[in-house]
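Peer 1: Before anything else, here's the structure in question.
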Amino acid sequence: MTTRALLEVIALGAEDAVAAQAGGADRLELVTDMEADGLTPAVATFVGVRTAVDIPVRVMLRLADGFAAGDVDALVRVACDLRAAGAEEFVLGFLGEDGGADLDAVERVVAELDGCPWTFHRAIDRAADRDALRKQLADLPGLDTYLTAGSKRGVDDGLPVLLTEAARSGDPGYTQRLMIGGGLRLDHVPRLRAARVDAFHIGGAGRPAGWAAPVDADAVRRWRTALDAHVGRAGIGTSGRPGPTRR
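If you use numbering that gives the first Met the number 0, the sequence shown corresponds to residues 0 to 246, in order.
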């Protein structure tokens, strides 16, 4: 396998962004408030990050904890404000009460993005039917990635699902890139790379001192090195043991 894997790192601001890029990150997911698993950052935060680094930045569109859309008008407004500030890539994902995709909310927000690329995030791991959700969303403009652990409990539990979905790449509903995140450890990498997974997402693994501390460039660099070598080494990162599923 020769394809370079994409490494996306969660950033909360410019300091994180600079460290992540220095460590070899290919892309950032920009959020605020990790107590709520990542909400939409302020426009000024995006502008500061965009000025500080030259790698792509995907901005979260999520205004409250959980996976209900909430105030869709507010989501549309914040998407409009971020677009006006120069944002060109996004992250979103909303579920209805039935556990399926909230198509009305997703379509309204995506219409504001005007074709910009976007990731459907780990809401897929809470969906009642992952396959049905993928097929519901398959033709939406700009959708190019699913961020998933394969299970709401994290990659340890979801690995069989991830390997199955990787094998379906190119099927209807499975043309988008599969990006793995959520309880991801370096010892998961060999099996995922062998299955031709080529995108990985880290949050806490890039912050050995925890979320109160900034991204550590050396921690990110360990992931970059392992991905480039196509070899994961157990015990490197935040822990060699199964940990919490928070990204």
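We put the CB at the ideal spot given by N, CA and C, even for glycine.
For ALA78, which residues in the same chain have their Cβ closer than 8 angstroms to its Cβ, ignoring the five residues on either side in sequence?
Peer 2: Sequence index remark: in the sequence shown, residue 78 carries index 79 (1-based). Same-chain partners within the cutoff: LEU60, PHE89, VAL108, GLU111 and LEU112.
Peer 1: Please name the residue in TYR145, PRO140, VAL214 and LYS151 whose C-alpha comes closest to that of ARG125.
Peer 2: Translated into positions along the sequence shown, residue 125 becomes position 126. Cα-wise, what sits closest to ARG125 is LYS151.
Peer 1: With DSSP as the reference, label SER238 as helix, strand or coil.
Peer 2: Within the sequence shown, the letter at position 239 stands for residue 238. The predicted model places SER238 with a pLDDT of 32, which falls under 50 and marks its position as unreliable, so this point remains unresolved.
Peer 1: What's the C-alpha gap between ALA148 and ARG76?
Peer 2: Walking along the sequence shown from the start, residue 148 turns up at place 149. Walking along the sequence shown from the start, residue 76 turns up at place 77. Cα to Cα, the separation comes out at about 30 angstroms.
Peer 1: What alpha helix (DSSP H) runs, 4 residues minimum, are completely inside the segment 204-231?
Peer 2: If we require 4 residues or more, the alpha helix (DSSP H) runs fully inside the segment 204-231 come out as 216-228.
Peer 1: In whole angstroms, what is the alpha-carbon distance linking ARG49 and ALA19?
Peer 2: Translated into the one-based positions of the sequence shown, residue 49 becomes position 50. Translated into the one-based positions of the sequence shown, residue 19 becomes position 20. Between ARG49 and ALA19, the C-alpha separation is close to 13 angstroms.
Peer 1: Does the distance from the CB of MET24 to the CB of GLU7 come in under 9 angstroms?
Peer 2: Within the sequence shown, numbered from 1, the residue matching residue 24 stands at position 25. Within the sequence shown, numbered from 1, the residue matching residue 7 stands at position 8. Correcting the residue identity first, residue 24 is Ala in this sequence and not Met. Going by C-beta atoms, ALA24 is nearer than 9 angstroms to GLU7.
Peer 1: Give the range of the alpha helix (DSSP H) segment to which ARG133 is assigned.
Peer 2: Mapped onto the sequence shown, residue 133 falls at position 134. Element bounds for ARG133: 129-136.
Peer 1: Expressed to the nearest angstrom, what Euclidean distance is found between the alpha-carbon atoms of ARG121 and ARG129?
Peer 2: Counted from its first residue, the sequence shown places residue 121 at position 122. Counted from its first residue, the sequence shown places residue 129 at position 130. So the two alpha carbons sit approximately 11 angstroms from each other.
Peer 1: In the DSSP assignment, what residue or residues form a beta bridge with HIS200?
Peer 2: The residue given as residue 200 occupies position 201 in the sequence shown. Bridge partners of HIS200: GLU7.
Peer 1: Between LEU191 and the ligand HEM, is the CB less than 8 angstroms from at least one heavy atom?
Peer 2: The ligand HEM is not among the ligands present in this structure, which contains no ligands whatsoever.
Peer 1: Going along the chain, which residues of its own chain have a beta-carbon closer than 7 angstroms to the beta-carbon of ARG223, five neighbours each way excluded?
Peer 2: Translated into positions along the sequence shown, residue 223 becomes position 224. Hits under 7 angstroms: LEU6, GLY22 and GLY23.
Peer 1: Assuming ILE62 and ALA73 form a contact by the criterion Cβ under 8 angstroms, report the distance between their Cβ atoms to the nearest whole angstrom.
Peer 2: Within the sequence shown, numbered from 1, the residue matching residue 62 stands at position 63. Within the sequence shown, numbered from 1, the residue matching residue 73 stands at position 74. Note on residue identity: the sequence assigns Leu, not Ile, to residue 62. Yes, they are in contact, since the Cβ atoms of LEU62 and ALA73 sit about 6 angstroms apart, within 8 angstroms.
Peer 1: Identify the residues that DSSP records as bridge partners of ILE179: which are they?
Peer 2: Walking along the sequence shown from the start, residue 179 turns up at place 180. Paired residues: THR147 and PHE199.
Peer 1: Closest to ASP15 by CA distance: which of LEU29, GLU96 and GLY172 is it?
Peer 2: Within the sequence shown, the letter at position 16 stands for residue 15. Checking every option, the nearest Cα to that of ASP15 belongs to LEU29.
Peer 1: Could you name the residues that DSSP lists as bridge partners for ARG57?
Peer 2: For the purposes of this step, residue 57 is taken as residue 58 along the sequence shown, with counting starting at 1. Answer by DSSP bridge pairing, in chain order: GLU28 and GLU88.
Peer 1: Look at the Cβ atom of PRO40, then the Cβ atom of GLY12, and state whether they are nearer than 9 angstroms.
Peer 2: In the sequence shown, counting from the first residue as 1, residue 40 sits at position 41. In the sequence shown, counting from the first residue as 1, residue 12 sits at position 13. Yes, these two residues count as a Cβ contact at 9 angstroms.
Peer 1: To which residues of the same chain is ASP70 closer than 7 angstroms at the C-beta, ignoring the five residues directly before and after it?
Peer 2: In the sequence shown, counting from the first residue as 1, residue 70 sits at position 71. Same-chain partners within the cutoff: LEU62.
Peer 1: The beta strand (DSSP E) with THR118 in it runs from where to where?
Peer 2: By 1-based counting over the sequence shown, the position of residue 118 is 119. From DSSP, the beta strand (DSSP E) with THR118 extends over 117-119.
Peer 1: Can you tell me the Cα-Cα spacing of ALA228 and ILE179, whole angstroms?
Peer 2: Here the question's residue 228 lines up with position 229 in the sequence shown. Here the question's residue 179 lines up with position 180 in the sequence shown. Going by the C-alpha atoms only, they are around 17 angstroms apart.
Peer 1: Can you say whether ARG3 is buried or exposed, counting buried as having 16 or more other CB atoms within 10 angstroms of its CB?
Peer 2: Here residue 3 is taken as the residue at index 4 of the sequence shown, counted from 1. Label assigned to ARG3: exposed.
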